[in-house]
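Peer 1: Take this structure first; my questions come after.
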Amino acid sequence: MSATAPAPFRRDGGSGRFGGYCLWHHYRLQGRTSSGTTFPKRAWVPVDITVVPRGSYTLLPCSQARDETVERPTVHVPEILLEADYNAMSLRAGDIVGEAIRHNPSIVLALPTGTTPIGLYADLVRRHRDEGLSLSGVTTFNLDEYVGIAIDDREGYHGFMRSHLFDHVDIPEGAWHLPNPQATDAGAEVRRYEGLIDASGGIDLAILGVGANGHLAFNEPGDTLTGPTHVAALADDTWLRNFPSLAPRLKDEPELRARYSTAYTVGIGTILRARKILVLASGMAKASILASAVRGAITPRNPASFLQLHPDVTFILDEAAGSWVHYTA
Ligand code: GLP
C-alpha cells in the first residue's frame, strides 16, 4: 500500500468516479491505518471507515490519483424510510429510538437540536409517561452548542434539550452532556468532550438532523472537514436560518452577525464512529441536498455525503424531503 501515490476513489471498488474528485484522509493526528501501515506526518491515505477517522478530509483531483494498488473505502447505500409527513416521521423515529433504548437500556445516544427532532423528543416523552419507557440508564451527548453563551441563553441548546426532553424523562443529571459554552479554554473543552464520548464506550446511536446546505451538527460545507470535536464557524445561510428574529436587523446592525457565530460541534469523524446513525429530515428545503448526500459525490462541500462511508445509516424522511431521493433512485 502506497502512502504517496493517490488512487481514484471508487464506488464499491468498481469503476465509477465521484465527480472527478477523490476523497483522501490526511492523517495529521495519527499515522496508522487499520492494516497497521504507518505514515509520515503529511501522508495522504484513502478514507478508511474501519479506522478512527480523526483528522481532516480533503479532495484531490482524480488526475493526481495513480496508484491502483491502495485499499479503497466501501461506499454504502443507506436504508431510506419515507413517511407521509413530519408527524409520521417523528413517530417512526420514536419507534426506532424507543426500541433501541428498550433493547439496550444503557445505550449511548448522540442527540441533535433544531426543529426536526422536536416531534421525536415529544414522542419519547409520551412513551416515558404513558408506556413506561425508562431512560434512567441512557447516556447522551448533544452534537453541538454555541461558544461563549450563557448556559440559559434562550438560543442555546442546554435550554432546548431541557425543555424538549431532559426535564420530562428520567435520565439522570450527569448522564446527559453538551459542550460547555462557558469553557474558558476552547481547545481543552473539545478534547474533554471527545474524551467523554470515548470514555462512555462510544456512541451507539447517533441521531442527526441535516442542514439545508448539507451540514451535520455544525460541520459546515467547505474544502475540508474536521474529524474530531472542534469549534466551527457557522455558515451565513445557517446563521440566517437559525436566527430568524435577528436576521432582519442585520442590515442596520451588522455587528449582530458576531453573535452565535461559532459553535462547538462533534466532528465528522465522531459521527462516523457511531455504531448506527439515524438521520431525520422533513420539508422541501432539504430535498436536493439529501439526494446528493445519498447518491452524489462524497465531498466536504456536502458533509452529509460522508454518511455514505458508514455501513449502518437509516434516513427517515417525510415525503417532501425524500422527493428528490426518490426521483434520482
Ligand atoms: C442546526 C443544528 C443541526 C441541525 C440542523 C438542522 O443548525 N446545528 O444539528 O441538524 O441545523 O436544523 P433544522 O432541524 O431546524 O432544520
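So that you can map any letter, position 8 of the sequence shown is 9 in this note's numbering, and since no number is skipped, the others follow by simple counting. Ideal placement from N, C-alpha and C gives every residue a C-beta, glycine not left out. Computed from a predicted structure; not experimentally measured.
1. Any idea if Gln183 is buried or exposed, counting beta-carbon neighbours within 10 angstroms, 16 or more meaning buried?
2. Tell me the rounded alpha-carbon separation between Ala151 and Gly157.
3. Cβ of Pro113 within 6 Å of any heavy atom in the ligand GLP?
4. Relative to the ligand COA, is the shortest distance from any of its heavy atoms to the C-beta of Asp145 smaller than 6 Å?
5. Give the straight-line distance between the Cα atoms of Gly21 and Leu291, rounded to the nearest whole angstrom.
6. One question on the structure: do Ile272 and Leu217 come within less than 7 Å of each other, judged by their Cβ atoms?
7. For Arg276, I'd like the list of residues in its chain whose CB is within less than 8 Å of its CB, leaving aside the five on either flank, ordered along the chain.
8. Are the region 123-140 and the region 171-179 touching by the rule of at least three beta carbon pairs closer than 8 Å?
9. Restricting to runs no shorter than 4 residues, where is the alpha helix (DSSP H) found entirely within the region 234-279?
10. Is Thr332 near the ligand GLP - that is, is its Cβ less than 6 Å away from at least one heavy atom of it?
11. What does the Cβ neighbour count give for Glu1, buried or exposed, with the cut at 16 atoms within 10 Å?
12. To the nearest angstrom, how far is it from the Cα of Asp186 to the Cα of Thr140?
13. Based on Cα-Cα distance, which residue from Val326, Ala176, Gly210 lies nearest to Pro113?
14. Count the other CB atoms within 10 Å of the CB of Thr117; is the residue buried (16 or more) or exposed (fewer)?
15. Go through its chain and collect everything with a Cβ distance to Leu83's Cβ below 6 Å, but skip five positions before and after it.
16. Taking contact to mean at least 3 C-beta pairs separated by less than 8 Å, is the region 227-237 in contact with the region 259-271?
17. Inspect the beta-carbon positions of Ala286 and Ala236 and report whether they are closer than 7 Å.
18. Is Phe167 near the ligand GLP, with its Cβ less than 6 Å from a heavy atom?
19. Here's the rule: buried if 16 or more other CB atoms are within 10 angstroms of the residue's CB, otherwise exposed. What is Asp124?
20. Have a look at Ala111, Glu100, Val148, Arg163 and flag the residue whose alpha-carbon is nearest the alpha-carbon of Glu132.
21. Pull up the CB-CB distance for Ile208 and Leu279, whole angstroms please, since I reckon it's below 8 Å.
22. Distance check for Arg274 and Gly175, CA to CA, integer angstroms please.
23. Look at the alpha carbon of Gly223 and the alpha carbon of Ala294, and state the distance between them as a whole number of angstroms.
24. Indicate, with yes or no, if the ligand GLP has a heavy atom lying under 6 Å from the CB of Asn243.
25. Is it right to say His26 is buried, meaning 16 or more other beta carbons lie within 10 angstroms of its own, or is it exposed?
26. Say the cut is 6 Å; is the CB of Ala248 nearer than that to a heavy atom of the ligand GLP?
27. In terms of alpha-carbon separation, which member of Glu320, Phe244, Thr315, Gln309 lies closest to His77?
28. Among Gly196, Arg163, Pro249, Tyr147, whose alpha-carbon lies nearest the alpha-carbon of Thr263?
29. Using alpha carbons as the reference points, say which of Gly120, Arg250, Ala248, Gly215 lies closest to Leu92.
30. Just grab the DSSP bridge partners of Val314 for me.
31. Looking at C-alpha atoms only, which residue of Leu144, Arg127, Ala94, Ser246 is the closest neighbour of Tyr194?
32. Among the candidates Phe307, Trp240, Val191, whose CA atom is the shortest distance from the CA of Phe142?
33. I'd like to check one pair, Gly215 with Ala305: are the Cβ atoms closer than 7 Å?
Peer 2: Result, derived from the coordinates:
1. Against the sequence shown, residue 183 aligns to sequence position 182. Looking at its Cβ environment, which holds fewer than 16 other Cβ atoms inside 10 Å, Gln183 is exposed.
2. Here residue 151 refers to the residue found at position 150 when the sequence shown is read from its first residue. Here residue 157 refers to the residue found at position 156 when the sequence shown is read from its first residue. One C-alpha to the other measures close to 8 Å.
3. For the purposes of this step, residue 113 is taken as the residue at position 112 of the sequence shown. Result yes, Cβ under 6 Å from the ligand GLP.
4. Questions concerning the ligand COA fall outside what the structure shown contains, since the ligands it does hold are the ligand GLP.
5. As a working note, residue 21 is residue 20 in the sequence shown. As a working note, residue 291 is residue 290 in the sequence shown. For Gly21, the predicted model reports a pLDDT of 35, less than 50, meaning its position is unreliable; a value from the coordinates is still stated below. Rounded to whole angstroms, Gly21 to Leu291 spans 20 Å at the Cα level.
6. Residue numbering aside, residue 272 sits at position 271 when the sequence shown is read from its first letter. Residue numbering aside, residue 217 sits at position 216 when the sequence shown is read from its first letter. Yes.
7. Position 275 of the sequence shown, counted from the start, is the residue given in the question as residue 276. Beyond the five residues adjoining it in sequence on each side, Arg276 comes within less than 8 Å, by CB distance, of Gly203, Ile204, Asp205, Leu206, Asp313 in the same chain, given in chain order.
8. Under the Cβ criterion (8 Å, minimum of three pairs), the region 123-140 counts as touching the region 171-179.
9. 237-243, 269-273
10. Outside the displayed span of the chain (2 to 330) sits residue 332, for which this structure offers no information.
11. For residue 1 there is no data in the structure shown, the boundaries of the chain being 2 and 330.
12. Locating residue 186 in the sequence shown gives position 185, counting from the first residue. Locating residue 140 in the sequence shown gives position 139, counting from the first residue. Straight-line Cα distance between these residues: approximately 25 Å.
13. Taking the first residue of the sequence shown as 1, we reach residue 113 at position 112. Out of Val326, Ala176, Gly210, Gly210 has the C-alpha closest to the C-alpha of Pro113.
14. Residue 117 sits at position 116 when you count from the first residue of the sequence shown. Thr117 comes out buried.
15. Residue numbering aside, residue 83 sits at position 82 when the sequence shown is read from its first letter. The answer, listed in chain order, is Leu318, Gly323.
16. yes
17. Numbered from its first residue, the sequence shown carries residue 286 at position 285. Numbered from its first residue, the sequence shown carries residue 236 at position 235. Not a contact, by the Cβ cut-off of 7 Å.
18. One-based indexing of the sequence shown puts residue 167 at position 166. Outside the cutoff, so no.
19. To locate residue 124, count along the sequence shown from 1; it is residue 123. So Asp124 ends up on the buried side.
20. Residue numbering aside, residue 132 sits at position 131 when the sequence shown is read from its first letter. For Glu132, the nearest C-alpha among the options comes from Glu100.
21. On the sequence shown, residue 208 is found 207 positions in, with the first residue counted as 1. On the sequence shown, residue 279 is found 278 positions in, with the first residue counted as 1. Contact check for Ile208 and Leu279: beta-carbon distance about 5 Å, within the 8 Å limit, so the pair qualifies.
22. As a working note, residue 175 is residue 174 in the sequence shown. As a working note, residue 274 is residue 273 in the sequence shown. Rounded to the nearest angstrom, the two C-alpha atoms are 23 Å apart.
23. On the sequence shown, position 222 is the one that residue 223 refers to. On the sequence shown, position 293 is the one that residue 294 refers to. Roughly 15 Å between the two C-alpha positions.
24. Position 242 of the sequence shown, counted from the start, is the residue given in the question as residue 243. For the ligand GLP, at least one heavy atom lies less than 6 Å from the Cβ of Asn243.
25. Taking the sequence shown and counting its residues from 1, the one referred to as residue 26 is at position 25. Caution is warranted here: a pLDDT of 45 is assigned to His26, below 50, making its placement in the model unreliable, and the coordinate value is therefore given only provisionally. With 16 or more Cβ atoms within 10 Å of its Cβ, His26 is classed as buried.
26. Locating residue 248 in the sequence shown gives position 247, where the first residue counts as 1. No; taking the cut-off as 6 Å, the Cβ of Ala248 has no heavy atom of the ligand GLP nearer than that.
27. For the purposes of this step, residue 77 is taken as residue 76 along the sequence shown, with counting starting at 1. Ranking Glu320, Phe244, Thr315, Gln309 by Cα distance to His77 puts Gln309 first.
28. Numbered from 1 along the sequence shown, position 262 holds the residue referred to as residue 263. The candidate whose alpha carbon is nearest that of Thr263 is Tyr147.
29. Along the sequence shown, one-based indexing puts residue 92 at 91. With distances taken between Cα atoms, Leu92 lies closest to Gly120.
30. To locate residue 314, count along the sequence shown from 1; it is residue 313. Ile278.
31. In the sequence shown, counting from the first residue as 1, residue 194 sits at position 193. The candidate whose alpha carbon is nearest that of Tyr194 is Leu144.
32. Within the sequence shown, residue 142 is the residue found at index 141, counting from 1. Nearest of Phe307, Trp240, Val191 to Phe142, Cα basis: Val191.
33. For the purposes of this step, residue 305 is identified with residue 304 of the sequence shown, where counting begins at 1. For the purposes of this step, residue 215 is identified with residue 214 of the sequence shown, where counting begins at 1. Yes, Cβ-Cβ distance for Ala305 and Gly215 is below 7 Å.
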